[in-house]
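S.K.: Residue numbers (the UniProt record's numbering): 1 to 763. Just so you know, even glycine gets a beta-carbon here, dropped at the ideal spot from N, CA and C. Model, not experiment: these values are computed from the prediction.
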């Protein structure tokens with residue numbers, strides 16, 4: 001999947017058609033929509049029509065229902081349907097956002113109220129909600145309240161699915177899907193025209209760490225066409241921001257996009273608020289950066305008891321290590337082997353961006369560092385038979401070699417052979433950090449065998465085991481294989497589903513890999529502990545590019561301090577005593593669950609363990625985090641009743657009435673689907689399908705095709721609508737012009753509409 005995917009283009013086109021269709025709406029004398037809606041000139045952000053904040057849309061299949069629910073315009077009836085439907089952005093009447101930043105994770109709750117202003121009273125339409133999220137965003141939950149003739153509400157629940165066919169019997173497939181890797185969208189069925197739809201969406205996202213700073217970026221930029229029509233309609237926006245680093249060091253604010261007012265400040269905690277009545281909604285994302293101050297390496301251990309309903313009754317702990325703000329520690333000398341997928345599916349923009357990122361990484365090596373490159377498809381191609389010093393001449397030769405070797409039409413993908421070669425090249429390393437940097441966009445059949453072979457190479461290798469860093473491109477590679485290899489090799493994993501982001505993400509991962517200041521980290525297991533489980537089981541190296549945050553479970557009594565030791569770049573031993581504290585002001589369930597689910601899913605995949613799969617599903621149900629083994633649904637509830645607890649699918653079937661065929665009543669169950677990334681696609685890899693190609697089309701589609709059914713419509717379509725408009729504009733009054741423009745918008749074919757809009761500047 002790419003950012004500019006087929007689905008995204010279709011969605012954008014549907015919104016464009018929806019905005020054209022919304023010109024049918026008459027707002028009353030003296031009232032008119034925002035100038036941006038009436039003008040053909042839009043900002044670069046608005047021109048693509050992808051949402052840049054949480055938004056809601058009316059899904060319009062019948063253009064005849066488009067009208068003002070308060071002031072009917074009594075327009076001529078329009079025969080025909082929009083196939084596929086158009087998307088009309090709903091007017092937003094209030095918006096607020098609460099963000100909790102805990103350690104390296106942000107938890108966002110976005111709330112807003114939209115009015116179905118474009119559907120006539122007494123008629124209904126589906127509404128589609130789009131939720132843009134920040135880096136590594138994960139939907140956690142949704143709440144919807146609809147104020148109409150009969151109030152209704154929906155609440156999300158995570159369920160395990162014993163049989164996916166049972167879900168299809170009660171819910172339309174495709175109700176929820178990812179528009180892009182960072183934009184999730186779902187459907188609310190059959191909302192009455194004029195209703196207010198209040199929506200609350202919760203998600204988590206990662207806080208990127210760079211140059212000793214955590215940076216929060218949350219989509220919060222709204223287009224002008226969601227501003228309600230009317231001068232006296234109040235517009236109030238609010239942002240609540242809470243920061244808790246978890247460490248015992250001071251926080252320093254570096255930047256803020258919005259005028260946040262400080263409410264409270266403690267050593268590791270900050271609280272801010274921004275609230276204002278505005279003439280127009282926010283046009284910039286929330287951007288906030290802060291530093292956890294310390295001149296040298298530091299860390300700590302936080303303890304917390306499990307929640308009352310936690311199926312795992314063991315105590316929880318979190319161990320964190322930070323590299324410090326000042327680079328007073330020397331980084332290790334580096335020996336790095338880049339293992340790059342050059343199969344046919346990588347050709348074009350992906351391989352060019354990988355090449356640019358690889359060359360940028362080589363330029364950051366010192367002359368005493370060494371490197372090699374292995375390009376692979378069905379065969380392996382080595383830049384050199386041995387490691388090469390990173391001199392200017394060597395890097396120049398590597399640049400020329402890459403240019404001549406990445407252009408290939410070979411479609412095979414063999415990961416095992418180049419990985420073995422890379423491990424062999426680094427087998428004699430002693431006083432440096434050996435790095436294997438694997439980049440691929442595909443899946444292979446022997447993935448579990450690859451993991452076992454790599455394990456064997458690491459245990460039988462030299463004094464310093466190679467670190468494995470993996471980078472996945474698109475949805476067709478097995479991201480759990482890549483995560484598993486990184487765990488085995490004490491490295492890190494990253495990915496992108498957007499070819500345009502390859503350079504940025506690869507360079508950031510290489511910065512983490514190449515700036516290690518403390519290696520071979522171990523902790524002394526306290527004697528008073530009966531048992532201890534750590535996620536991941538092997539502590540990754542600490543680098544200047546990223547803090548290390550691990551979690552675990554234990555039984556017994558934790559001591560007041562925990563001893564951690566590692567190896568510095570001068571090969572000396574570094575020992576640090578970490579203070580152990582009880583964490584009462586943050587929820588471990590929210591902070592550490594994403595890591596635990598990912599790690600356990602990797603092991604469940606590798607071992608093919610049903611027991612681990614069930615454990616992951618239980619954690620997902622308990623914490624409302626997505627997993628590969630659970631699915632999200634919207635369950636209709638009565639406003640007076642308490643929201644039901646997570647339940648199995650069969651229990652839900654017993655509690656709801658299924659819609660009968662032909663029944664126009666609101667569905668009781670809306671399937672939002674499994675939000676996992678899957679385990680790769682062997683078929684797509686074998687066929688060399690590029691990332692983003694052959695994606696399924698969105699349920700609502702893209703183009704408006706209104707089929708005229710009356711003689712009047714046929715006459716309009718048979719004649720040149722543009723010439724008719726030009727001949728009539730000179731003498732018709734405003735009301736006639738409005739009627740004609742609405743008629744053209746509703747009935748004319750797409751080419752005629754576009755032509756009319758080009759010639760008529762007032763459209």
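Would you call the CB atoms of residue 362 and residue 395 closer than 8 Å?
M.R.: Here the question's residue 362 lines up with position 362 in the chain shown. Here the question's residue 395 lines up with position 395 in the chain shown. Result yes, Cβ atoms of residue 362 and residue 395 sit closer than 8 Å.
S.K.: Going by DSSP in three states, residue 281 sits in which element: helix, strand or coil?
M.R.: Position 281 of the chain shown, counting from 1, holds the residue named residue 281. Three-state DSSP puts residue 281 in coil, outside helix and strand.
S.K.: Using a 10 Å radius around the Cβ and a threshold of 16 neighbouring Cβ atoms, would you call residue 10 buried or exposed?
M.R.: Residue 10 sits at position 10 when you count from the first residue of the chain shown. Residue 10 should be labelled buried.
S.K.: Whose CA, out of 158, 25, 431, 283, lies closest to the CA of residue 120?
M.R.: Position 120 of the chain shown, counted from the first residue, corresponds to residue 120. Taking only the C-alpha atoms, the option nearest residue 120 is 25.
S.K.: Within the chosen definition, does the stretch 285 to 304 reach the stretch 243 to 254 through at least 3 CB pairs nearer than 8 Å?
M.R.: Cβ pair count under 8 Å is three or more, so yes.
S.K.: What residues in its chain sit with their C-beta under 6 Å from that of residue 365, if we drop five residues either side in the sequence?
M.R.: For the purposes of this step, residue 365 is identified with residue 365 of the chain shown, where counting begins at 1. Cβ neighbours of residue 365 beyond the five flanking positions: 390.
S.K.: Is residue 578 near residue 297, with beta carbons less than 8 Å apart?
M.R.: Taking the first residue of the chain shown as position 1, residue 578 is located at position 578. Taking the first residue of the chain shown as position 1, residue 297 is located at position 297. Their beta carbons are not under 8 Å apart, which means residue 578 does not touch residue 297 by this criterion.
S.K.: Buried or exposed: where does residue 133 fall if 16 or more other Cβ atoms within 10 Å of its Cβ makes it buried?
M.R.: In the chain shown, residue 133 corresponds to position 133, counting from 1. Residue 133 should be labelled buried.
S.K.: Using the Cβ count rule (16 or more neighbours within 10 Å means buried), how would you classify residue 368?
M.R.: In the chain shown, the residue the question calls residue 368 occupies position 368. Exposed, since its Cβ has fewer than 16 Cβ neighbours within 10 Å.
S.K.: Quick check: residue 199 and residue 144, are their CB atoms within less than 8 Å of each other?
M.R.: Position 199 of the chain shown holds residue 199. Position 144 of the chain shown holds residue 144. Yes. Within cutoff.
S.K.: Give me the Cβ distance between residue 179 and residue 433, rounded to the nearest whole Å; I'm assuming they're in contact under 8 Å.
M.R.: Locating residue 179 in the chain shown gives position 179, counting from the first residue. Locating residue 433 in the chain shown gives position 433, counting from the first residue. Not a contact, Cβ separation roughly 40 Å.
S.K.: For residue 355, which three-state DSSP category applies?
M.R.: Residue numbering aside, residue 355 sits at position 355 when the chain shown is read from its first letter. Here residue 355 sits in helix by DSSP.
S.K.: Under three-state DSSP, which class holds residue 234?
M.R.: Position 234 of the chain shown, counted from the first residue, corresponds to residue 234. DSSP places residue 234 in coil when its eight states are reduced to three.
S.K.: Find out if the Cβ-Cβ distance for the pair residue 606, residue 457 is shorter than 8 Å.
M.R.: Taking the first residue of the chain shown as position 1, residue 606 is located at position 606. Taking the first residue of the chain shown as position 1, residue 457 is located at position 457. Going by C-beta atoms, residue 606 is not nearer than 8 Å to residue 457.
S.K.: Tell me whether the stretch 524 to 534 and the stretch 499 to 510 touch, counting them as touching only if at least three CB pairs, one residue from each stretch, are closer than 8 Å.
M.R.: Flag = no, the stretch 524 to 534 and the stretch 499 to 510 do not touch.
S.K.: For residue 323 and residue 547, which I take to be in contact (beta-carbon distance under 8 Å), what is that distance rounded to the nearest angstrom?
M.R.: Your numbering for residue 323 matches position 323 in the chain shown. Your numbering for residue 547 matches position 547 in the chain shown. 7 Å between Cβ atoms; contact.
S.K.: Going by C-alpha distance, which of 90, 104, 142, 160 is nearest residue 764?
M.R.: For residue 764 there is no data in the structure shown, the boundaries of the chain being 1 and 763.
S.K.: Are the beta-carbon atoms belonging to residue 185 and residue 130 less than 8 Å from one another?
M.R.: Counting from 1 along the chain shown, the entry for residue 185 is found at position 185. Counting from 1 along the chain shown, the entry for residue 130 is found at position 130. Yes; because the gap between Cβ atoms is below 8 Å, this pair is in contact.
S.K.: Roughly how many angstroms lie between the CA atoms of residue 75 and residue 21, to the nearest whole one?
M.R.: Within the chain shown, residue 75 is the residue found at index 75, counting from 1. Within the chain shown, residue 21 is the residue found at index 21, counting from 1. Their Cα atoms are separated by approximately 13 Å.
S.K.: Considering only their Cβ atoms, is the gap separating residue 95 from residue 237 smaller than 8 Å?
M.R.: To locate residue 237, count along the chain shown from 1; it is residue 237. To locate residue 95, count along the chain shown from 1; it is residue 95. Cβ distance < 8 Å, so residue 237 and residue 95 count as in contact.
S.K.: Which residues mark the beginning and the end of the beta strand (DSSP E) in which residue 431 is found?
M.R.: Here residue 431 corresponds to residue number 431 of the chain shown, with the count starting at 1. Careful: residue 431 lies outside any beta strand (DSSP E) and carries neither H nor E.
S.K.: State the CB to CB distance for the pair residue 138 and residue 196, rounded to an integer number of angstroms; the pair is presumed to be in contact (CB under 8 Å).
M.R.: Stepping through the chain shown from its first residue, residue 138 is reached at position 138. Stepping through the chain shown from its first residue, residue 196 is reached at position 196. The Cβ separation is near 28 Å, so there is no contact.
S.K.: On the premise that residue 580 lies in contact with residue 800, defined as a C-beta separation below 8 Å, what is that separation, rounded to the nearest angstrom?
M.R.: Nothing in the structure corresponds to residue 800, since the chain is present only between 1 and 763.
S.K.: In three-state DSSP terms, what is residue 767?
M.R.: This structure cannot settle anything about residue 767, because the visible part of the chain is limited to 1 through 763.
S.K.: What do you get for residue 83, buried or exposed, if any count of 16 or more other CB atoms within 10 angstroms of its CB means buried?
M.R.: In the chain shown, counting from the first residue as 1, residue 83 sits at position 83. That one is exposed.
S.K.: Taking the alpha helix (DSSP H) that residue 615 falls in, what are its first and last residues?
M.R.: Locating residue 615 in the chain shown gives position 615, counting from the first residue. Unbroken alpha helix (DSSP H) run through residue 615: 610 to 623.
S.K.: Distance check for residue 627 and residue 633, CA to CA, integer angstroms please.
M.R.: Here residue 633 refers to the residue found at position 633 of the chain shown. Here residue 627 refers to the residue found at position 627 of the chain shown. Computed Cα separation, rounded: 14 Å.
S.K.: Anyone know if the C-beta pair for residue 334 and residue 514 falls short of 8 Å?
M.R.: Looking up residue 334 in the chain shown gives position 334. Looking up residue 514 in the chain shown gives position 514. In contact: residue 334 and residue 514 (Cβ atoms closer than 8 Å).
S.K.: Considering only residues of the same chain and omitting the five flanking positions on each side of residue 586, which have a CB-CB separation below 6 Å?
M.R.: The residue labelled residue 586 in the question sits at position 586 within the chain shown. Contacts found: 102, 244.
S.K.: Would you mind stating whether residue 340 and residue 375 have Cβ atoms separated by less than 8 Å?
M.R.: Taking the chain shown and counting its residues from 1, one reaches residue 340 at position 340. Taking the chain shown and counting its residues from 1, one reaches residue 375 at position 375. Yes. Within cutoff.
S.K.: For the beta strand (DSSP E) that contains residue 579, what are its first and last residues?
M.R.: Counting from 1 along the chain shown, the entry for residue 579 is found at position 579. Here the beta strand (DSSP E) through residue 579 covers 573 to 582.
S.K.: Should residue 398 be labelled buried (16 or more other beta-carbon atoms within 10 Å of its own) or exposed?
M.R.: If you number the chain shown from 1, residue 398 lands on position 398. With 16 or more Cβ atoms within 10 Å of its Cβ, residue 398 is classed as buried.
S.K.: Skipping 5 residues on each side, what residues in its chain have a beta carbon closer than 6 Å to that of residue 555?
M.R.: Taking the chain shown and counting its residues from 1, the one referred to as residue 555 is at position 555. Closer than 6 Å at the Cβ level, and outside the excluded window around residue 555, lie 314, 530, 531.
S.K.: What is the C-beta distance between residue 240 and residue 273, in whole angstroms, given that I count them as a contact (C-beta under 8 Å)?
M.R.: As a working mapping, residue 240 is identified with position 240 in the chain shown. As a working mapping, residue 273 is identified with position 273 in the chain shown. That belief holds up - the Cβ atoms of residue 240 and residue 273 are roughly 5 Å apart, short of 8 Å.
S.K.: Can you tell me which of the three DSSP states residue 501 falls into?
M.R.: Walking along the chain shown from the start, residue 501 turns up at place 501. Helix, per DSSP.
S.K.: For my contact list, residue 235 and residue 203 are in at a C-beta cut-off of 8 Å; report their separation, rounded to the angstrom.
M.R.: Looking up residue 235 in the chain shown gives position 235. Looking up residue 203 in the chain shown gives position 203. About 24 Å; that fails the 8 Å criterion.
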